[in-house]
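J.: Everything in the sequence shown is counted per this note's numbering, starting at 1034 for the first residue and increasing by one. For glycine and all other residues, C-beta sits at the position ideal for the given N, C-alpha and C. Below is the structure I would like to discuss, written out as structure tokens.
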Amino acid sequence: MAQRVAVVGGGMLGMTLALRLAREGRSVTIFERSPSVGGLAAPWEIGGATWDRYYHVILRSDVRLLALLDELDLTSALRWKSVGSAFFIDGRIHPFSTLADFVAFPAVGPIDKVRLGLGILKATRERDLEQLDAVTAEEWLRKVFGAKLYERLWQPLLRAKLGDAYAQASASFIHATIARLFGARKNSRQREEFGYVEGGYATIVDRLTERLAEAGVRFKTGVDVNAVRRSGAALAVAYDSVSETYDRVVVTVPTPIAARICDALAPDELLRLRSIRYHGIVCASLLLDRPLGNAYITNIADSRIPFTGAIEMTALVDRDALGGGSLVYLPRYVDARSPFYLMNDASVQESFVLGLQRMHRTFDPSQIRALRISRAPYVFALPEVGSARRILPMQTSVPGLFLANSSQIVSGTLNVNETIGIAMQAAEAVAECATGHEEARYEAVC
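As structure tokens, then:
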């Protein structure tokens, strides 16, 4: 009989993992709490148009994601475009895409501009990732860019992304962020080149779902797994007063949820899982009558603005795909227990619209065709100093039980390309785990 494997979590990580396992001859079942699969990459409807619930973009350096798209016969649906970026600082938006923009950028002086350019070059060439994980982002940024640039640019950006947790962020986080953004440029004189698949992630998720079904993968959506424990020589997955047994189980949900449902783990494993802090997201999607500006992303270095950045998706995506409207995302990353996360939609909308008016003085709320607000409690594990050393291995103390989620990304930022990498590592871990049901095999892991 084929080895039976349960994958708990139907996001891009869980779906990619399930496809790998099924193509290796295993009988795979995906358990997903939501009514449909896709996780943070799932689409939704806004103003009569369907697009991604949260913003996503593809870079030329996303080799794992590009390989998956090729495997799914979606390479021909890829579209690439050079797009711009900007900074909101000192009450104004300044373009920040070309060398000319950089030279004209008024927020820093000529000497600091030279230091900024040299610092970014140094950051992209840094290879001592273990050392970066051991120091704070503030310490490293001050050393590489100097105190003035840190306080003028980097600290406001860190605060926007991480809130008060910015002080504990490791240098590896900001290094990975710089390296990914730099990877979007062909060379130092050119603008960023980003990509997307026609139809957005709905196209990718639908095609991946089709391939999973063709490979015999079963889907159990709308079910809430509440426990994964040993049951004799197998593992029991309990949900909705039902229990099913599997030879292997891979839990891909965020660590706070994993700690709750995998309570048979060793005490030290549970302690490490529970020590990982997460930020969630409150994200407004706005469909507007006309564009806000020319930049794909506007970085915000102003504490008065209530969102992390402004992402104008239709600076990249053809507006015809959204009924002629302009799609803008306004994300804010916060602790899911914070007052802002718990704020009602009307208050969030009022705050965000006022923030847009502060940034774009010609913006009129009457331009909004539709506005929707989405929340997710666990988006990314806070990249605190020493995080890489605290990552749990995928193979746990419970024989046959594996953990695989985005908290295991080492020296990278949260994006689909990185989560696919985690899925590939998890598939290898399951494959390397010895098979068989002899009791002696369960005296040690696998």
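#1: Leaving out five residues before and five after Val1089 in sequence, what residues of the same chain have Cβ atoms less than 7 Å from its Cβ?
#2: Could you name the residues of the same chain whose beta carbon sits closer than 7 Å to that of Ile1211, not counting the 5 residues immediately before and after it, in chain order?
#3: In three-state DSSP terms, what is Pro1410?
#4: Residue range of the alpha helix (DSSP H) that Phe1373 falls in?
#5: Name, in chain order, the residues that DSSP records as bridge partners for Thr1278.
#6: At the level of alpha carbons, what is the spacing between Ala1292 and Leu1303?
#7: Which residues mark the beginning and the end of the alpha helix (DSSP H) in which Arg1175 is found?
#8: When you compare the CB positions of Val1230 and Pro1076, do they come within less than 9 Å of one another, or not?
#9: Need the endpoints of the alpha helix (DSSP H) that Arg1323 sits in, please.
#10: With DSSP run on the structure shown, which of helix, strand or coil describes Ile1442?
#11: Per DSSP, Tyr1366 is paired with what?
#12: DSSP state of Thr1242, grouped into three classes?
#13: My output table needs one value for Ser1264: the three-state DSSP class, helix, strand or coil.
#14: Shortest alpha-carbon distance to Gln1441 belongs to which of Leu1105, Glu1451, Pro1432 and Leu1387?
#15: My understanding is that Gly1419 touches Ala1209, with C-beta atoms under 8 Å, so please give their C-beta distance in whole angstroms.
#16: Which residue or residues does DSSP assign as beta-bridge partners of Gly1342?
#17: Measure the Cβ-Cβ separation of Leu1320 and Ile1079 and say whether it is below 9 Å.
#18: Start and end of the alpha helix (DSSP H) containing Ser1384?
#19: Count the C-beta pairs between the region 1373–1387 and the region 1044–1064 that are closer than 8 Å, then say yes if the count reaches three, no if not.
#20: Kindly list the residues whose CB is nearer than 7 Å to the CB of Asn1259, restricted to its own chain and excluding five residues on each side of it in sequence; keep chain order.
#21: I need the straight-line Cα distance from Glu1203 to Ala1167, nearest angstrom please.
#22: For Val1078, which three-state DSSP category applies?
#23: Please report the distance separating the alpha-carbon of Ala1460 from that of Ala1051.
#24: Leu1174 and Ile1207: beta carbons closer than 9 Å?
#25: Name the one or two DSSP bridge partners that Thr1254 has.
#26: Put Gly1124 into one of helix, strand or coil per three-state DSSP.
#27: For Thr1169, does the count of other Cβ atoms within 10 angstroms reach 16, so buried, or fall short, so exposed?
#28: Alpha carbon to alpha carbon, how far is Ile1333 from Thr1083?
#29: Since Ala1055 and Val1250 are thought to touch, with beta carbons under 8 Å apart, how far apart are those beta carbons, to the nearest angstrom?
#30: Below 8 Å, can you find three or more Cβ-Cβ pairs linking the region 1143–1152 to the region 1350–1364?
#31: Give a yes or no on whether the minimum CB-CB distance between Ile1338 and chain D is below 9 Å.
#32: For the region 1307–1317 against the region 1036–1045, are there 3 or more C-beta pairs whose distance is under 8 Å?
#33: Starting from Ala1291 and walking both ways along the alpha helix (DSSP H), at which residues does that stretch end?
#34: Specify the secondary structure class of Ala1403 as computed by DSSP and reduced to three states.
#35: When burial is assigned at 16 or more other CB atoms within 10 Å of the CB, is Leu1337 buried or exposed?
#36: Could you tell me whether the Cβ atoms of Tyr1362 and Ile1344 are closer together than 9 Å?
T.: With the given structure in hand:
#1: In the sequence shown, counting from the first residue as 1, residue 1089 sits at position 56. A small correction: the amino acid at residue 1089 is His; Val does not occupy that position in the sequence shown. Only Ala1074, Tyr1234 and Val1449 meet the Cβ criterion.
#2: As a working note, residue 1211 is residue 178 in the sequence shown. Answer for Ile1211: Ile1153, Ala1156 and Thr1157, listed in chain order.
#3: What you label residue 1410 is simply residue 377 of the sequence shown in a count that begins at 1. Secondary structure at Pro1410: strand, using DSSP grouped into helix, strand and coil.
#4: One-based indexing of the sequence shown puts residue 1373 at position 340. Its alpha helix (DSSP H) spans residues Pro1372 to Leu1375.
#5: Position 245 of the sequence shown holds residue 1278. DSSP lists Ala1269 as partners of Thr1278.
#6: For the purposes of this step, residue 1292 is taken as the residue at position 259 of the sequence shown. For the purposes of this step, residue 1303 is taken as the residue at position 270 of the sequence shown. For Ala1292 and Leu1303, the gap between their C-alpha atoms comes out near 6 Å.
#7: The residue labelled residue 1175 in the question sits at position 142 within the sequence shown. That run of the alpha helix (DSSP H) goes Ala1170 to Phe1178.
#8: Here the question's residue 1230 lines up with position 197 in the sequence shown. Here the question's residue 1076 lines up with position 43 in the sequence shown. No, the Cβ-Cβ distance between Val1230 and Pro1076 is not below 9 Å.
#9: Within the sequence shown, numbered from 1, the residue matching residue 1323 stands at position 290. Per DSSP, Arg1323 belongs to no alpha helix (DSSP H) and is neither H nor E.
#10: The residue given as residue 1442 occupies position 409 in the sequence shown. DSSP, read as helix, strand or coil, puts Ile1442 in coil.
#11: Locating residue 1366 in the sequence shown gives position 333, where the first residue counts as 1. Under DSSP, Tyr1366 takes part in a beta bridge, and its partners are Ile1314.
#12: Translated into positions along the sequence shown, residue 1242 becomes position 209. Thr1242: helix per DSSP, three-state reduction.
#13: Taking the sequence shown and counting its residues from 1, one reaches residue 1264 at position 231. Of the three classes helix, strand and coil, the one that applies to Ser1264 here is strand, per DSSP.
#14: Counting from 1 along the sequence shown, the entry for residue 1441 is found at position 408. The residue with the shortest Cα to Cα distance from Gln1441 is Glu1451.
#15: Within the sequence shown, numbered from 1, the residue matching residue 1419 stands at position 386. Within the sequence shown, numbered from 1, the residue matching residue 1209 stands at position 176. Actually they are not in contact, since the Cβ atoms of Gly1419 and Ala1209 sit about 16 Å apart, beyond 8 Å.
#16: Here residue 1342 corresponds to residue number 309 of the sequence shown, with the count starting at 1. Under DSSP, Gly1342 shares a beta bridge with Asn1332.
#17: As a position in the sequence shown, residue 1320 is number 287, starting the count at 1. As a position in the sequence shown, residue 1079 is number 46, starting the count at 1. Taking 9 Å as the cut-off, the beta carbon of Leu1320 is found closer than this to the beta carbon of Ile1079.
#18: Position 351 of the sequence shown, counted from the start, is the residue given in the question as residue 1384. It spans Asp1378 to Met1392 - the alpha helix (DSSP H) in which Ser1384 sits, taken as one unbroken run.
#19: Contact between the region 1373–1387 and the region 1044–1064 is absent: fewer than three C-beta pairs spanning the two stretches fall below 8 Å.
#20: Stepping through the sequence shown from its first residue, residue 1259 is reached at position 226. Only Ala1271, Tyr1272 and Ile1294 meet the Cβ criterion.
#21: Here residue 1203 refers to the residue found at position 170 when the sequence shown is read from its first residue. Here residue 1167 refers to the residue found at position 134 when the sequence shown is read from its first residue. Residue identity differs from the one stated: residue 1203 is Ser in this sequence, not Glu. Computed Cα separation, rounded: 7 Å.
#22: Taking the first residue of the sequence shown as position 1, residue 1078 is located at position 45. The sequence given here has Glu at residue 1078, not Val. Assignment of Glu1078 by DSSP, reduced to helix, strand and coil, places it in the strand class.
#23: Position 427 of the sequence shown holds residue 1460. Position 18 of the sequence shown holds residue 1051. Approximately 8 Å, taken between the alpha carbons.
#24: In the sequence shown, the residue the question calls residue 1174 occupies position 141. In the sequence shown, the residue the question calls residue 1207 occupies position 174. Less than 9 Å separates the beta-carbon of Leu1174 from that of Ile1207.
#25: Looking up residue 1254 in the sequence shown gives position 221. Glu1065, per the DSSP bridge assignment.
#26: Stepping through the sequence shown from its first residue, residue 1124 is reached at position 91. Gly1124 falls in the coil class under three-state DSSP.
#27: Mapped onto the sequence shown, residue 1169 falls at position 136. Of the other Cβ atoms in all chains shown, 16 or more fall within 10 Å of the Cβ of Thr1169; this residue is therefore buried.
#28: Translated into positions along the sequence shown, residue 1333 becomes position 300. Translated into positions along the sequence shown, residue 1083 becomes position 50. Here the C-alpha atom of Ile1333 lies approximately 27 Å from the C-alpha atom of Thr1083.
#29: Numbered from its first residue, the sequence shown carries residue 1055 at position 22. Numbered from its first residue, the sequence shown carries residue 1250 at position 217. So it is a contact: roughly 5 Å between Cβ atoms.
#30: Too few Cβ pairs lie closer than 8 Å, so no.
#31: In the structure shown, chain D does not exist; there is a single protein chain.
#32: The region 1307–1317 vs the region 1036–1045: no contact.
#33: Indexing the sequence shown from 1 puts residue 1291 at position 258. Annotation for Ala1291: the continuous alpha helix (DSSP H) segment containing it runs Thr1288 to Ile1294.
#34: Taking the first residue of the sequence shown as 1, we reach residue 1403 at position 370. Strand.
#35: Residue 1337 sits at position 304 when you count from the first residue of the sequence shown. What sits at residue 1337 in the sequence shown is Arg, not Leu. By the neighbour-count rule (16 or more Cβ atoms within 10 Å), Arg1337 is not buried but exposed.
#36: Start at 1 with the first residue of the sequence shown, and residue 1362 comes out as number 329. Start at 1 with the first residue of the sequence shown, and residue 1344 comes out as number 311. Judged by beta-carbon spacing, Ile1344 lies within the 9 Å limit of Tyr1362, meaning their Cβ atoms are closer than that value.
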